[in-house]
Structures are given as structure tokens and as C-alpha cells.
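Enquirer: Mind looking over this structure? Questions follow.
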Amino acid sequence: GGTGGDADNPNGGATGGAGGDGGVITISTSAGSLTLENNNFLVSGQGRKGGDATSSGDPANAVAGHGGRGGPIRVVSSSTSGVTGSGTIDFFRGSGGDGGIARATGTRGADATASEAAKKAGGVQATGGDGGIVSNLFSFGFGGRSVTANDPSAGNGGDALGLGDAGGDGSMDFPPGGMGPDMSVQGGKGGFVAFAQIPGNHDTGVNGTGGLARFLGGSGGMGWNACEKGFLNRKGGPGGPGGTLTGGGAGVGETGAAPPALPGATLVESTGNGGVAGDGVEPPAAGGPQGTNSLTPADGTTAQITESFQKGDDGRLCTFNFNVGIAVKAGGDPNGHEEFIQLGTVTMITGQLLPGSQIEFTSGSTRWIKTTGTVAAGGSFNTSGTGVAAGISGVPVTFEGTLVLDGDGKITQINGMLVYDSTNSVLPAQQPPPDGDGQRHPANYNLTGTLKPPA
């Protein structure tokens, strides 16, 4: 038989062609007997491989072709005297062809917009072709003579691969992420060797192995991340739920003369997971729920599941970094001294929203200040804590100001004043400043800055 044709469709379904069946041998008499002389060999045609199928799109549906059957052999004599002569006869039945391989790749769900919610990821369906069987060997009228039949092999089932993509991401107007893909992946059945219905010596042959079913990727979409977009008073979107998985590896088809072969395995890798929730204000948004495991692996196998069917991570409270330019004034002296609070002209402050409309500011990798307080709906904040001045920790400090928000609640600028308490007893007497004026400068320092993109 001929090999089945392959099919490849980047925008829809694809179906591979079936492998051709092996040719048939029939020997018969309408009168008289069959006379065998010398050594005779009857070899029927082999079945060929089914065509592969490759599909992309929404849905992606790839169905591979079945393997062709091995050709049968039929020997029929109408004579009552059966077979005469001293010759021998050997039968070689053609093997079955393997099933084709199916590959289906789903599309990512569309992201949410200002007017539409995030879309579900494109469905995935992949079905491997069944392996071709080895057809029957019939013989009648041999008069009890023994013959030999040699070991044919049935075709293996074709593998099936389903590759899923994620659901779409949420937006500010439609925060939830889209659902993950529904995936159905089924390996092809292995072929079987039919019985040789003759007297004498014959091998049982080899049954085909079931095809592998492999699920790979595909999760719920991400919820809208308010923090990443610079929004202060918005909650992040929940992650999209994972999709549903069905199918599994295939068995070995019907029971024939040969001992059962191995069924096809089922592999599930990073599939059926919920999407990650977006960060934002409290309470944190929930990660997407795990997908549904509706797999039915072939008898004798179990699904091998790796990093799959997991709930998505929950969202977190916002953390945002901004660079500030230091403008230090000391008691009205234009020659104020940054060195007193040990700052360069530019530093970084990290702000984090906390439960209960609280906000915390810290100075970054080297602790300079830490203040905590409230932030109002309009973005104004009033925080207090401690800082480092003249190498001394624990100096009382306040940081007050406003997170400037636009109409949607997005941070566009920060204005504030950082004030050290110069009356606190923990401060030592200041050394004369480098300009040699000999004057002590009050430890009240103002800080202003403009928000930069998050680090």
C-alpha cells in the first residue's frame, strides 16, 4: 500500500490520509486439487503508514491517518482430495502500517480591552492514527497438511501532541484573565494480529503499541496588574481558570493472536494551571483555579503529571520604586549639607502599600529611612519613622507629601518633604562643616522628587 498523505493547516483542521492496505493473495481451485512442488512462498502486501496531521488555529484539530492493513492470504480448494504433491508452503502476511502523528497547536486568547473581556485560549484536539492490523490468513481444503506462517507485526498507534497557549490577560476595565484552553489529546490504538486459521506451525506475531498522548502548556490568563501600570488605588484582576483536559494514551486495539503490547503513555506537562493574579490594593486578587482533570489513560497506564493542575498565584500588594533628587536646606542656609544625613544628590525610595490604607517607605538596599503611615484616597500620605543622620540610627523622621494621581488613579508624580527631628537627643553635636563657617545647622532637611518608571 501507499503512504498516507500528510496534512498541514495553519488556520484550522487538518486530517492526514490513511495508509494504503497491503495487496491480497488468493489461490483457489474450482475443480481438482492443489498440487505443491518444491518450496513455495506466499508474501502478501504490507500496509503503509498513515499520514501525519498538523493543525494550528482556534480550534486546532489534527486527526492523523490510520495505518494500512497488512494484506490477507486466502487459499481455497474445492477438491475433496485437498492438496497433493511433496512441496512445502510458507505464508508471510504483510505487516500493518503505523498510524500517523497528530500535532495541534492552539492560539492564545485575546487580551481584554476597554470594551471586551479577555478571551479563552483556543481549543486543542489531536488524535493519532490507529495502527494497521495484520489481516486473517484463511485456508480450506488442505486435507490436514501442516503449513508454516511467519511472524507479522501489526502497526503501532500514532502519537498525539497537544500544545496549548494561555488565556488572554485582563485589562483595567475587564480585570480577570481569560480561561485556559480545553485540550483533548488521544494517541492512536495499536494494531493487532488476526488469527491464522490454518493447521500447522505459525507464529503469533507482534501486536502494535498504543500511541503516546502528550499535553504541553496552556494556562489561564493573567489578571490585570494595577501595580505594574502605576495605579495606586486599584485592585488587581483575578487569574483565569485552567482549561479541561480529556483523552489520554491509547490501548492496543482488539485482542488477536499475539500477546498484548504496551498501551500508549499519557504525559501532562505544565498544563491545566490557573493564571496568575494581578497585583494591587488589598485584599489581593485570587489566582485562577486549576483546570479539570478528565483524563482517561489507557488500561495499564497512568497519567504522568508534571507541574500541572495547579492554582495560580494570588496577587500581591503594590510595591513601587522611584528616584528622587535631593534638595537639602538647613535652617535656611543655602549651603546645606547632604553629608549630615549621608546622602548623595540622588537616591531611591521604595513605597509599598500595606493593609488598612497604610503605606511604607524605605530607602532601598542600604537602609536610610523607614516610615509608615496612612495614604488617603486622593494620594496624600503622612508617615513617620526613623532615619540615619550623622551615622546615628533611630533618629525620628517624618515623610509627608502627595502621590499625584490622574483621573484613573495612576501615579504620575510624587511630592514630599522629609524632616529630621533636630531636637532629638540621639543626635551628637555636629562637626564643623567643610565650608568652615563654624555654625551648627539644624537637622531639618527637605526632600522633593519626581516619580520615575518602576525599577
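When the sequence shown is numbered by my numbering, its final residue is 1245 and no position is left out of the sequence of numbers. All C-beta atoms in this analysis are idealised placements derived from N, C-alpha and C, irrespective of residue type, glycine included. Computed from a prediction, not measured in an experiment: that's the story for all the values here.
What does the Cβ neighbour count give for Pro971, buried or exposed, with the cut at 16 atoms within 10 Å?
Expert: Counted from its first residue, the sequence shown places residue 971 at position 181. That one is buried.
Enquirer: I'd like to know whether the C-beta atoms of Gln1094 and Leu1057 end up nearer to each other than 7 Å.
Expert: Reading the sequence shown from its first residue, position 304 is the one you call residue 1094. Reading the sequence shown from its first residue, position 267 is the one you call residue 1057. Yes.
Enquirer: For Ile1149, which residues in the same chain have their Cβ closer than 8 Å to its Cβ, ignoring the five residues on either side in sequence?
Expert: As a working note, residue 1149 is residue 359 in the sequence shown. Contacts found: Gly1141, Gln1142, Leu1143, Thr1162, Gly1163, Thr1164, Val1165, Phe1171, Thr1173.
Enquirer: Entirely within the segment 966-1023 and at least 3 residues each: give me those beta strand (DSSP E) ranges in chain order.
Expert: 973-976, 990-992, 1003-1006
Enquirer: In the DSSP output, what is Leu1052 paired with across the bridge?
Expert: Reading the sequence shown from its first residue, position 262 is the one you call residue 1052. In the DSSP secondary-structure assignment, Leu1052 is not bridged to any residue.
Enquirer: Could you check where the beta strand (DSSP E) with Phe881 kicks off and where it finishes?
Expert: On the sequence shown, position 91 is the one that residue 881 refers to. It spans 878-882 - the beta strand (DSSP E) in which Phe881 sits, taken as one unbroken run.
Enquirer: With C-beta atoms as the reference, is Gly1027 less than 7 Å away from Gly960?
Expert: Residue numbering aside, residue 1027 sits at position 237 when the sequence shown is read from its first letter. Residue numbering aside, residue 960 sits at position 170 when the sequence shown is read from its first letter. Yes, they are a contact pair.
Enquirer: Name the two residues that bound the continuous beta strand (DSSP E) containing Ala852.
Expert: Position 62 of the sequence shown, counted from the first residue, corresponds to residue 852. DSSP places Ala852 in the uninterrupted beta strand (DSSP E) bounded by 850-853.
Enquirer: On the CB-based measure, 16 or more other CB atoms within 10 Å of its CB, does Asn801 come out buried or exposed?
Expert: Mapped onto the sequence shown, residue 801 falls at position 11. Exposed, since its Cβ has fewer than 16 Cβ neighbours within 10 Å.
Enquirer: From Ala808, Ala1075, Gly1146, pick the residue whose C-alpha is nearest to that of Lys947; which is it?
Expert: The count along the sequence shown starts at 1 and reaches residue 947 at position 157. The question names Lys, but residue 947 in the sequence shown is Gly. Ranking Ala808, Ala1075, Gly1146 by Cα distance to Gly947 puts Ala808 first.
Enquirer: For the 8 Å Cβ check, are there 3 or more pairs between the segment 910-919 and the segment 820-829?
Expert: no
Enquirer: Does DSSP classify Met962 as helix, strand or coil?
Expert: Against the sequence shown, residue 962 aligns to sequence position 172. Reduced to three states, the DSSP call for Met962 is coil.
Enquirer: Within the same chain, show all residues whose beta-carbon is closer than 6 Å to that of Ala892, passing over the 5 residues directly before and after it, in chain order.
Expert: As a first step, residue 892 must be located in the sequence shown, where it is residue number 102. Closer than 6 Å at Cβ, skipping near neighbours: Ala843, Ala852, Ala854, Ala916, Thr917, Gly918, Ala950.
Enquirer: Please list, in chain order, all residues of the same chain as Leu1006 whose beta carbon is under 6 Å from its beta carbon, the five residues on each side excluded.
Expert: For the purposes of this step, residue 1006 is taken as residue 216 along the sequence shown, with counting starting at 1. Same-chain partners within the cutoff: Leu953, Glu1059.
Enquirer: State the Cα-Cα distance for the pair Pro1079 and Thr1061, rounded to the nearest angstrom.
Expert: Sequence index remark: in the sequence shown, residue 1079 carries index 289 (1-based). Sequence index remark: in the sequence shown, residue 1061 carries index 271 (1-based). If you take the alpha carbons of Pro1079 and Thr1061, they lie about 12 Å apart.
Enquirer: Name the residue from Gly837, Asn830, Gly899 whose alpha carbon lies nearest to the alpha carbon of Gly812.
Expert: Within the sequence shown, numbered from 1, the residue matching residue 812 stands at position 22. Of the listed residues, the one whose Cα sits closest to Gly812 is Gly837.
Enquirer: Comparing alpha-carbon positions, which option in Ala894, Glu906, Gly945, Asn830 lies nearest Thr878?
Expert: Position 88 of the sequence shown, counting from 1, holds the residue named residue 878. The candidate whose alpha carbon is nearest that of Thr878 is Asn830.
Enquirer: Grab me the residues of Gly1191's own chain with a C-beta within less than 7 Å of its C-beta, minus the 5 sequence neighbours each way, in chain order.
Expert: One-based indexing of the sequence shown puts residue 1191 at position 401. Here the set comprises Phe1171, Ile1204, Asn1205, Gly1206, Met1207.
Enquirer: Output yes or no for whether 7 Å exceeds the beta carbon distance between Gly1081 and Gly1030.
Expert: Within the sequence shown, the letter at position 291 stands for residue 1081. Within the sequence shown, the letter at position 240 stands for residue 1030. Cβ atoms of Gly1081 and Gly1030: not closer than 7 Å.
Enquirer: So, for Phe882: in the same chain, excluding its five sequence neighbours on each side, which residues have a beta-carbon less than 6 Å away from its beta-carbon?
Expert: Counting from one through the sequence shown, the residue named residue 882 turns up at place 92. Answer for Phe882: Val833, Asn940, listed in chain order.
Enquirer: Tell whether a beta-carbon distance below 7 Å holds between Gly792 and Gly857.
Expert: Numbered from 1 along the sequence shown, position 2 holds the residue referred to as residue 792. Numbered from 1 along the sequence shown, position 67 holds the residue referred to as residue 857. Cβ distance not < 7 Å, so Gly792 and Gly857 don't count as in contact.
Enquirer: So what does DSSP say about Lys910, is it helix, strand or coil?
Expert: The sequence position of residue 910 within the sequence shown is 120, counting from 1. Of the three classes helix, strand and coil, the one that applies to Lys910 here is coil, per DSSP.
Enquirer: DSSP on Val937, reduced to helix/strand/coil?
Expert: Residue mapping note: residue 937 aligns to position 147 of the sequence shown, counting from 1. In this structure, Val937 counts as strand in the three-state DSSP scheme.
Enquirer: Can you look up Ala956 in the DSSP assignment and give me helix, strand or coil?
Expert: The residue given as residue 956 occupies position 166 in the sequence shown. Residue state, collapsed to three classes: coil.
Enquirer: Since Gln976 and Gly886 are thought to touch, with beta carbons under 8 Å apart, how far apart are those beta carbons, to the nearest angstrom?
Expert: Position 186 of the sequence shown, counted from the first residue, corresponds to residue 976. Position 96 of the sequence shown, counted from the first residue, corresponds to residue 886. That pair is no contact at about 19 Å.
Enquirer: Nearest to Ser1153 by CA position, among Val1187, Gly1146, Ser1147, is which residue?
Expert: Here residue 1153 refers to the residue found at position 363 of the sequence shown. Selected option, being the one with the closest Cα: Val1187.
Enquirer: Given a cut-off of 7 Å, decide if Gly1065 and Gly1105 are closer than it, judged by their beta-carbon atoms.
Expert: Taking the sequence shown and counting its residues from 1, one reaches residue 1105 at position 315. Taking the sequence shown and counting its residues from 1, one reaches residue 1065 at position 275. Contact: no.
Enquirer: Since Ala1003 and Asn926 should fall inside the 8 Å C-beta cutoff, what is the C-beta to C-beta distance between them, to a whole number of angstroms?
Expert: Along the sequence shown, one-based indexing puts residue 1003 at 213. Along the sequence shown, one-based indexing puts residue 926 at 136. Not quite, the Cβ-Cβ distance comes to about 30 Å (not below 8 Å), so this is no contact.
Enquirer: Whose C-beta lies closer than 7 Å to the C-beta of Asp1196 among residues of the same chain, with five residues either side of it excluded?
Expert: Working through the sequence shown from its first residue, we reach residue 1196 at position 406. The beta carbon of Asp1196 lies closer than 7 Å to those of Thr1202 in the same chain, with the five residues before and after it left out.
Enquirer: Only counting runs of 3 or more residues, tell me where the beta strand (DSSP E) segments fall wholly within the segment 808-863, in order along the chain.
Expert: 815-819, 829-833, 843-847, 850-853
Enquirer: I need the boundaries of the beta strand (DSSP E) containing Gln1260, first residue and last residue.
Expert: This structure cannot speak to residue 1260, because the chain is shown only from 791 to 1245.
Enquirer: At which residues does the beta strand (DSSP E) containing Glu1072 begin and terminate?
Expert: For the purposes of this step, residue 1072 is identified with residue 282 of the sequence shown, where counting begins at 1. No beta strand (DSSP E) contains Glu1072, which DSSP labels as neither H nor E.
Enquirer: Can you tell me where the beta strand (DSSP E) with Asn1083 in it begins and where it stops?
Expert: Start at 1 with the first residue of the sequence shown, and residue 1083 comes out as number 293. 1082-1085 is the span of the beta strand (DSSP E), which, as asked, contains Asn1083.
Enquirer: Are Gly995 and Gly980 touching if we call contact CB-CB under 7 Å?
Expert: The residue given as residue 995 occupies position 205 in the sequence shown. The residue given as residue 980 occupies position 190 in the sequence shown. No, the pair does not count as a contact, with Cβ atoms beyond the cut-off.
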